[in-house]
Amino acid sequence: MENPLLQSAGGTVLPAALAAFLRRRLFELSGVALLTVTAALAVALASYHTGDPSLNSATGRLPQNLLGLPGAYIADLGLQTVGLAAAVPVLVFAAWGWRLLRKLSVSLIAVRFLLMLAALFLLGMALGHVPPPAEWSLNTGPGGAAGALMLTRAADTLHALGAPYGVWIAAGLAATVGMLALITAIGLTWAEWQAIGNALKTSVLAAGRVAAAGAGLARRAVVRPAADSGGRIEPALDEDGDIDTHIKVSPEAP
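Per numbering that gives the first Met the number 0, the very first residue in the sequence shown carries number 0; after that it's consecutive.
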């Protein structure tokens, strides 16, 4: 006789309820793990320091990266190779982790991973045409060494074909295709994009209200002392002979 606890209607070993429970927990654990990796990658990139040890620069100093030596290596490799486009995996993995945490699957994950890699280099190529800001501390530009090389090769090819403004065309095409690849790799539905937009809108409005309230409090704090500076309060006797401490004496009074 078969044990009903080990044999479900679909012929699986576990009952349907337990299988569904384990599946939900697996989604949640996968989401937490992926979001943890995403946060670590974001911290490594954000705390990049040019004086840290790297794969092509040996130094005896301790790394200032918040994730130590591994974070210094990862940040240097990403920023030197594709520049600011190194943030692409952070965006993609954050979206995947968020979906898994909500017990939603990520379909065609292998295809989306390849699209993420394409977006990584295409957006690095587009950023190669952006002039670096004054605070930029890397020898490579905002698109990294790979982005600059790909942009130069594409622009040279377009010039050889007789196309004017080759570098602008190459950068524009790379930005367009790269953004499409990034959006597809992220894999969010239209409803999820709308929810994110609404959340951002709510956050911006809330921040605006907080800033306005803070500015109002600051103005009142400045005006109130000025209004009270017209005299000093001294004790005096009222008509009943009691002490009244609310009589203001003008500073011009003798």
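Note that the Cβ used here is the ideal one computed from N, Cα and C, for glycine as well.
Owing to the predicted nature of the structure, the values given are computational and were not obtained by experimental measurement.
Q) Looking at C-beta atoms only, is the number of pairs between the segment 123 to 142 and the segment 51 to 62 that lie closer than 8 Å three or more? A) no
Q) In this structure, does DSSP put serine 106 in helix, strand or coil? A) Coil.
Q. How about leucine 181 and alanine 85: do their beta carbons lie closer than 8 Å?
A. Not closer than 8 Å, so no.
Q) threonine 37 and phenylalanine 112 look like a contact to me (Cβ under 8 Å); what is the Cβ gap, rounded to whole Å? A) No, threonine 37 and phenylalanine 112 are not in contact; Cβ-Cβ is about 14 Å, not under 8 Å.
**Q.** First and last residue of the uninterrupted alpha helix (DSSP H) at histidine 158
**A.** 143 to 159
(Q) Rounded to whole angstroms, what is the Cα-Cα separation between valine 89 and alanine 220? (A) 43 Å
Q. What first and last residue would you give for the alpha helix (DSSP H) that runs through glutamine 79?
A. 67 to 81
Q | Identified DSSP bridge partners for serine 56 | A | Serine 56 pairs with Ser53.
(Q) To the nearest angstrom, how far is the alpha carbon of glycine 213 from that of serine 202? (A) Using only the alpha carbons, I get a separation of about 16 Å.
Q: Kindly confirm or deny that the segment 150 to 166 and the segment 99 to 113 touch, where touching means at least three C-beta pairs closer than 8 Å.
A: no
Q | glycine 165 to histidine 158 span [Cα, whole Å] | A | 6 Å
Q. Which of helix, strand or coil does DSSP assign to alanine 184?
A. helix
Q: To the nearest angstrom, report how far apart alanine 145 and lysine 102 are at their CA atoms.
A: A direct Cα-Cα distance of roughly 37 Å separates alanine 145 from lysine 102.
**Q.** Coil, strand or helix - threonine 201 by DSSP
**A.** helix
Q. Can you name the start and end residues of the alpha helix (DSSP H) that arginine 98 belongs to?
A. 87 to 100
Q. Looking at the unbroken alpha helix (DSSP H) that takes in leucine 40, where does it start and where does it end?
A. 15 to 45
(Q) Tell me the rounded alpha-carbon separation between leucine 199 and alanine 147. (A) 33 Å
Q: Determine, using beta carbons only, whether phenylalanine 26 and leucine 99 come nearer to each other than 8 Å.
A: yes
Q: Give every residue of the same chain whose Cβ lies closer than 7 Å to the Cβ of arginine 60, excluding the five residues on either side of it in the sequence, and list them in chain order.
A: For arginine 60, the CB contacts under 7 Å within the same chain, skipping 5 residues up- and downstream, are Gly50 in chain order.
Q: Indicate the three-state DSSP secondary structure (helix, strand or coil) for tryptophan 189 in the structure shown.
A: helix
Q) Near tryptophan 135, what residues of its chain come up, given a Cβ to Cβ distance below 8 Å and the 5 sequence neighbours on each side ignored? A) Pro141
Q: Would you check if the segment 29 to 36 and the segment 73 to 85 touch, i.e. whether three or more CB-CB distances between them fall below 8 Å?
A: no
**Q.** CB contact flag (glycine 70, valine 87, <8 Å)
**A.** It is not a contact, given that the beta carbons lie outside the stated cut-off.
Q) So does isoleucine 73 have its beta carbon nearer than 7 Å to some heavy atom of the ligand MG? A) Of ligands this structure carries none, so the ligand MG is not represented either.
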